[in-house]
Amino acid sequence: MSTEQPAEAEPFPVEPPSEPTRRTFIATTTVVGGAAVAGGLIAAPPALAAEGAVAAEVAPGSRVSLTVNGVRRTVTIDNRTSLLDLLREQLDLTGSKKGCNAGACGACTVLVDGRRVNSCLTLAVRLEGAEVITIEGLAKGDRLHPLQQAFIDQDAFQCGFCTPGQIVSGVGCIQEGHTGSTEEIREWMSGNLCRCGCYVKIERAVEQAAAGRK
0 MSTEQPAEAE PFPVEPPSEP TRRTFIATTT VVGGAAVAGG LIAAPPALAA EGAVAAEVAP
60 GSRVSLTVNG VRRTVTIDNR TSLLDLLREQ LDLTGSKKGC NAGACGACTV LVDGRRVNSC
120 LTLAVRLEGA EVITIEGLAK GDRLHPLQQA FIDQDAFQCG FCTPGQIVSG VGCIQEGHTG
180 STEEIREWMS GNLCRCGCYV KIERAVEQAA AGRK
């Protein structure tokens, strides 16, 4: 009888785990990080959402009293409200147009204490006690303002979008005495753009109204 012990089977060699390559590491972290960011965008933590809702509810506001087209108005507004938005959204005076909303086109021009301003850039909260005149306040009942009539006589409009701002600016231009020549009118009306190109007729309308004022 043989006394030799059977040889033990050698185990399969175990290879050490390979270290991730630089490309694998970047790809993995990009996928995991993107998923985390997307998850944060889709579902914000409840605490942050609640804080945002509270901040929206307590936006700073003020009461402002001003005279608009001869009528004293007292309103409560968000301190960030522009004069244009106050006129259009709260006082329902939609004649002043929101064109560029950046003070570049003049479609929103109104008179504040007799001076021309771009109402889209003017904070309403700063106008306590001010007197504001919009396009709606120029006519006296059924009697048009001389410049409104001049715009009709000279056919100084086409699409009409810029017309309210052009007329109010023209009234300011006449009141300021800047109508000595066509060139002067062009210079002092240059902040009001007309995309239809009715500039020559607008100049004539301002000249007509200015001549009738003398």
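Each residue of the sequence shown is one higher than the one before, counting from 0 in numbering that gives the first Met the number 0. From the three backbone atoms N, C-alpha and C, an ideal C-beta is built for every residue, glycine too. In this text the structure is predicted, and so the values were computed from the model without any measurement.
Exercise. When the Cα of R214 is compared with those of T93, A129, A58 and T73, which residue comes out closest?
Worked result: Beyond the ends of the chain as shown, which are 0 and 213, falls residue 214; an answer cannot be given.
Problem set entry | Own chain, CB closer than 6 Å to P98, minus 5 neighbours either side, in chain order | According to the sequence displayed, residue 98 carries Gly and not Pro. C104 and A106.
Problem set entry | V205 and G169 closer than 9 Å at C-beta | yes
Problem set entry | Beta-carbon spacing of V67, V131 below 9 Å | yes
Exercise. Between the Cα of G211 and the Cα atoms of A149, Q153 and M188, which residue gives the shortest distance?
Worked result: When only C-alpha atoms are compared, the closest one is A149.
Exercise. Assuming E127 and S189 make a contact with CB atoms under 8 Å, what is their CB distance in whole Å?
Worked result: With a Cβ gap of about 31 Å, E127 and S189 do not count as contacting.
Exercise. In angstroms, rounded to a whole number, what distance separates the CA positions of I201 and D77?
Worked result: 37 Å
Problem set entry | Rounded C-alpha distance that separates Q207 from A129 | Linking Q207 to A129 through their CA atoms gives a straight-line distance of about 30 Å.
For this session: Spatial neighbours of G94 within its chain, please: CB distance less than 7 Å, with the 5 preceding and 5 following residues excluded, ordered by chain position.
Result: T133, I134, E135 and P163
For this session: Find the nearest neighbour of C172 within the set E88, N191, G196 and A155, judged by alpha-carbon distance.
Result: N191
Exercise. Given that a residue counts as buried once 16 or more other Cβ atoms are within 10 Å of its Cβ, and exposed if not, what is A209?
Worked result: buried
Exercise. What separation, rounded to the nearest whole angstrom, lies between the Cα atoms of L137 and H144?
Worked result: 6 Å
Exercise. For the beta strand (DSSP E) that contains R212, what are its first and last residues?
Worked result: Per DSSP, R212 belongs to no beta strand (DSSP E); it is in the alpha helix (DSSP H), Y198 to R212.
For this session: Using 10 angstroms around the beta-carbon of K96, count the other beta-carbons present and answer buried if the total reaches 16, otherwise exposed.
Result: buried
Exercise. Thinking C-alpha only, which one of D91, R125 and A101 is nearest V111?
Worked result: R125
Exercise. Looking at the C-beta of S81, does it have a partner C-beta in chain D at a distance below 9 Å?
Worked result: This model lacks chain D altogether; it includes just one protein chain.
For this session: Starting from S168, follow the alpha helix (DSSP H) in both directions and report where the run begins and ends.
Result: T162 to Q174
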